[in-house]
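The sequence shown begins at 29 in my numbering and counts up one residue at a time. Think of the CB as a built atom: it goes at the ideal place given N, C-alpha and C, for glycine as much as any other residue. Here's the structure we're looking at; comments come further down.
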Amino acid sequence: MLIIQSIILGMVQGLAEFIPISSSAHLIIIPWLFGWNNPALTSLTFDVALHLGTLLAVIVFFASDWARLISAWFKSVIQFKIGEDPDRLMAWYILLACIPGGVSGLLMESKINEAFHSNPIPRSSMLFMAGSIALLALLLLIADKYAQHRRSFNQIKARDALCIGLAQALAVIPGVSRSGSTITAGLALGLEREAAARFSFLLSAPIIAGAGLKSLYDFSEQMGAGTIGKSELSIFPIGFIVAAVSGFFCIKYLLSYLKKHSAELFVWYRFALAAIVVVVALIRG
29 MLIIQSIILG MVQGLAEFIP ISSSAHLIII PWLFGWNNPA LTSLTFDVAL
79 HLGTLLAVIV FFASDWARLI SAWFKSVIQF KIGEDPDRLM AWYILLACIP
129 GGVSGLLMES KINEAFHSNP IPRSSMLFMA GSIALLALLL LIADKYAQHR
179 RSFNQIKARD ALCIGLAQAL AVIPGVSRSG STITAGLALG LEREAAARFS
229 FLLSAPIIAG AGLKSLYDFS EQMGAGTIGK SELSIFPIGF IVAAVSGFFC
279 IKYLLSYLKK HSAELFVWYR FALAAIVVVV ALIRG
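Right, dumping it as structure tokens:
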């Protein structure tokens with residue numbers, strides 16, 4: 029049963045990391061709904077596996093982009109010049125956008141863990157999460173429906189990167205969604221749907237890497253203390269592989285989907301999910 033649960037959560041992470049529906053919320057809600065209490069599923073080991081899996085998906089899918097961006101960034105540092113080179117500009121825009129999210133993650137991590145990773149999770153925390161899910165759904169609906177989506181990926185400016193980065197800082201709250209907040213901000217700034225999603229996905233790599241490295245450090249400390257169980261180690265490769273594969277195909281098909289469709293499907297899904305969480309939380313008392 030543990031293996032099946034780890035496969036489900038790995039797939040959820042791979043999909044929800046990029047679809048604007050909040051992976052962190054789903055990884056909390058699914059075990060909460062179905063009463064999965066095995067500590068291995070909420071362990072640092074599994075958290076590391078899921079983060080590294082989705083990181084691999086982003087790196088592999090955008091491999092050619094990363095090769096250009098990293099090369100351009102090093103050239104800009106060595107030559108001490110950015111100029112008008114689009115790859116150099118984009119590399120620095122991505123770094124600029126990562127700063128707010130990195131700061132908020134470091135400042136808020138312990139408080140978030142205390143509120144949402146205790147067992148059992150307080151009803152107030154679940155209701156707060158439901159509110160976050162619904163609020164972001166409303167903002168996404170407004171940005172998707174009423175903003176003018178005319179600007180392409182190559183027309184992203186430093187102002188856009190900073191605004192999207194500030195939006196990403198809110199994603200530390202479960203339910204907000206990293207991709208949801210960044211795509212919403214991109215749409216509100218007038219980016220095309222595909223451009224907003226593409227920048228969001230590229231932006232995810234440094235953030236996921238940072239979160240993964242932090243979890244990996246905590247994991248290494250637990251390994252040294254001998255507190256990691258065999259069940260936790262056994263699901264590490266499962267979570268990693270499933271999250272990586274599902275994440276790769278999610279990026280591929282989501283970019284294609286957003287070329288032709290709006291984001292309303294995800295909006296209504298978020299509203300439905302928020303309603304389910306509220307109903308279950310109130311029934312359980």
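Between Ser232 and Thr82, the CB-CB gap stays under 9 Å. Of the candidates Arg226, Tyr297, Cys126, Cys126 places its Cα closest to the Cα of Gln196. Rounded to whole angstroms, Asn65 and Ile140 show a C-alpha spacing of 19 Å. Using a Cβ distance threshold of 9 Å, Gly267 and Leu37 count as a contacting pair.
Note on Val131: under 16 other CB atoms within 10 angstroms of its CB, so exposed under the neighbour-count rule. Bounds of the alpha helix (DSSP H) holding Ala186 are 186–197.
Separation of Arg206 and Ala199 (C-alpha to C-alpha, rounded to the nearest whole angstrom) is 5 Å.
The C-alpha of Leu301 lies about 21 Å from the C-alpha of His289. DSSP places Gln41 in the uninterrupted alpha helix (DSSP H) bounded by 30–44.
For Ala213, the uninterrupted alpha helix (DSSP H) segment begins and ends at 206–216.
Gly203 places its beta carbon less than 9 Å from that of Ile161. In the three-state reduction of the DSSP assignment, Arg178 falls in the coil class. Per DSSP, Asp115 is one residue of the alpha helix (DSSP H) stretching across 114–144. Per DSSP, the unbroken alpha helix (DSSP H) holding Trp101 starts and ends at 91–107.
Proximity of the segment 97–105 to the segment 168–175 falls short of the contact definition, fewer than three beta-carbon pairs being nearer than 8 Å.
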